[in-house]
Structure formats: structure tokens, C-alpha cells
Amino acid sequence: MITDTGEILNDTQKKKKQSIFDLTKFINPGKILECGCGSGFVLEILSHHFEDSTLLGIDKSFERLEMLNHKHLCNVFPVQADITHIPCRKRSCTAVLFISSLHEVFSRVGDEGVYQVLNHIHSLLEDEGTLIIQDFLKPPPQQVELKFKREDARKRFIRFASEYRVRSIPYEETRFGVKLDIGDAMEFFSKCRSISQNDWEEEMDESHYYYTQDEFKKMADNCSFSIVYTSLLLGSGEVLDPLSKEMRWKFSLPHRYIQLVLIPV
């Protein structure tokens, strides 16, 4: 018998695959880069869809690239490199993808670093090339209340607010919880299931909800890209459902992820 958690995870994987497949119509065959490819979930899909193309998977983690290698995808070539310094010739790529990886650039080097990376990507793309981004979507500012059912949940939030290093987390304590911006609440949700101390420390340096839709538009304009396609995606219950045992909230995100297809101008 499949557990509820198992059903959620299986459904999540199906949705992730479909979301990537939906983007393939915007990709021209040729040299295709995925920046921050990890162990190759996206590249495995692209490899079968673009059998005659050359696919480069860029990641700084040797261990993850080894996992990609073991998938034996004949047209995929792992490249160990930092995605802030991509080793490719100018005007040589038909598509560059950042699938749940651009937020890592922002976490490390902020707006300026994101703009530098995208300006570099601009120089790598052919005239008809596309830049594809799929990442978390920060909601517009809104004050919300988070109520704690357990004291350890309150302590975990206080620890998050005091130790998070990407930005300050302003909040107001209430009788049963805290009031804060919805973006900060979602950031907390993304961190508070970290089990090990190492995971926690890594998450304290990472921002998932970094740009609103308007801020993504500003990013594109500043880096000489035009957005030709936007899709807003719903989230699954994989993260939030377990937290309902420890906290209560009445707010929700209409969309948790954004997909963008951009062309150089």
C-alpha cells in the first residue's frame, strides 16, 4: 500500500517531469547547457528529446556529476565548473537552462552576481537562442500570521530569524506565534525541516524566494533579455503538509514556481 507521503512524492516527480517537458518546445537543437545540473534529472529528459544535440551539464559538485555519469546518457557531457564562470565560446549555444539553480547564484552573490551571470549567458547564446529559467517565485509583500502548536516550532523560528544570513527577517511576536512577511514565512518553511546541522548551516546561506514576478522582469530588462513566455506553477504538499502538525496558518501561495523563456535583444 502506498503511503500518503509516497503518493505526494510520486505526484511531485510527475509534475516536475511535465514542467520540463512543457519547455522543450522553446529549445532549438544544437548545444544545450544546463547550469547547476546536479545528478541529471533535467538532462535525462532532454537527452531523450534532443538525441542529436550536445548537452552540457555544468555543476561544481564532483559527486553529483558522477551520479550523472552513471546514467550513461550518450549525448550528455558533465562539466565541473562554477555556474558563475561557464567555460563556453561566445555565440555557441542554442539554449541555456537554469532549473531551480539561479536562486543559488543570488544566495551567493546577490543581484549584481545574477546580472553578471546573465550578461555572460547573453554572450553565449546564438541569435535565435533561448534562456530558460524555472525557480521559486517570491510572493508580493503581505503581512501574515504564523501560529505555533509546539514550543519547539517557535524556538526553531526564532533560531531561523536570528541565524539567517541572506537578509534580515523582521517579525512581531503575537500571543500564539509571529507576524511577518509572507515571503519570509515561505523561506522559513523551506528551511525548518533541515535535519542535520550541516543542512541547517547550508540553508542559512540560501534564499529560495528571492524575486517576485516584477523583479524577474526587472532582471530581464537589465540584462538585455525579452521575456517571451511566462508560466506560474502550483506547489505540491511535499513541504507544507508535514509542518501542519507543528504550526497553523491561513495564507497560501497561488503559485510557488515561475517558468520564464527569454531571448536576447
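Sequential numbering of the sequence shown, starting at -3, is according to the working numbering.
Glycine is no exception: its CB is placed at the ideal position from the N, C-alpha and C atoms.
Where residue i sits in the DSSP three-state scheme
{"i": "Lys86", "result": "coil"}
{"i": "Gly125", "result": "strand"}
{"i": "Pro74", "result": "strand"}
{"i": "Arg244", "result": "strand"}
{"i": "Thr20", "result": "helix"}
{"i": "Arg171", "result": "coil"}
{"i": "Asp195", "result": "helix"}
{"i": "Arg156", "result": "Note that residue 156 is Phe in the sequence shown, not Arg. It is helical."}
{"i": "Lys27", "result": "strand"}
{"i": "Leu42", "result": "helix"}
{"i": "Leu61", "result": "helix"}
{"i": "Thr1", "result": "Unreliable positioning characterises Thr1 in this predicted model, as indicated by a pLDDT of 48, which lies under 50. The coordinate reading is nonetheless provided below. DSSP places Thr1 in helix when its eight states are reduced to three."}
{"i": "Thr131", "result": "The sequence as given places Asp at residue 131; Thr does not occur at that position. Correct three-state label for Asp131: strand."}
{"i": "Gln9", "result": "helix"}
Cβ pair residue i, residue j closer than 9 Å
{"i": "Gly36", "j": "Leu19", "result": "no"}
{"i": "Thr126", "j": "Ile23", "result": "yes"}
{"i": "Val257", "j": "Ile128", "result": "yes"}
{"i": "Asp107", "j": "Pro260", "result": "no"}
{"i": "Met215", "j": "Val72", "result": "no"}
{"i": "His118", "j": "Ile82", "result": "no"}
{"i": "Val140", "j": "Ile178", "result": "yes"}
{"i": "Leu121", "j": "Val38", "result": "no"}
{"i": "Leu239", "j": "Phe185", "result": "yes"}
{"i": "Asp180", "j": "Glu242", "result": "no"}
{"i": "Ser190", "j": "Trp196", "result": "yes"}
{"i": "Asp131", "j": "Ser103", "result": "no"}
{"i": "Gln76", "j": "Ser57", "result": "yes"}
Alpha helix (DSSP H) segment containing residue i, residue limits
{"i": "Asp217", "result": "Gln209 to Asn218"}
{"i": "Lys187", "result": "Ile178 to Lys187"}
{"i": "Asp237", "result": "Leu236 to Leu239"}
{"i": "Leu98", "result": "Leu98 to Leu120"}
Distance between beta carbons of residue j and residue i, contact taken as under 8 Å
{"i": "Ile54", "j": "Gly32", "result": "7 Å"}
{"i": "Tyr225", "j": "Lys134", "result": "Contact flag wrong, Cβ pair sits at about 20 Å."}
{"i": "Glu40", "j": "Lys21", "result": "Incorrect: roughly 18 Å between the Cβ atoms, too far for contact."}
{"i": "Leu228", "j": "Ile254", "result": "6 Å"}
{"i": "Arg60", "j": "Lys145", "result": "Wrong, their Cβ atoms sit about 37 Å apart, outside the cutoff."}
{"i": "Leu69", "j": "Leu52", "result": "Wrong, their Cβ atoms sit about 12 Å apart, outside the cutoff."}
{"i": "Met200", "j": "Glu159", "result": "5 Å"}
{"i": "Thr90", "j": "Val113", "result": "So it is not a contact: roughly 18 Å between Cβ atoms."}
{"i": "Gly263", "j": "Ser49", "result": "Within the shown structure, residues of the chain are numbered from -3 to 261, placing residue 263 beyond reach of any answer."}
Residue i - containing beta strand (DSSP E), residue span
{"i": "Pro260", "result": "Tyr253 to Pro260"}
{"i": "Ser227", "result": "Phe221 to Leu229"}
{"i": "Gln139", "result": "Gln139 to Phe144"}
{"i": "Leu51", "result": "Thr50 to Asp55"}
Any contact of the region 217 to 231 with the region 154 to 173, i.e. 3+ C-beta pairs under 8 Å? Cβ pair count under 8 Å is below three, so no.
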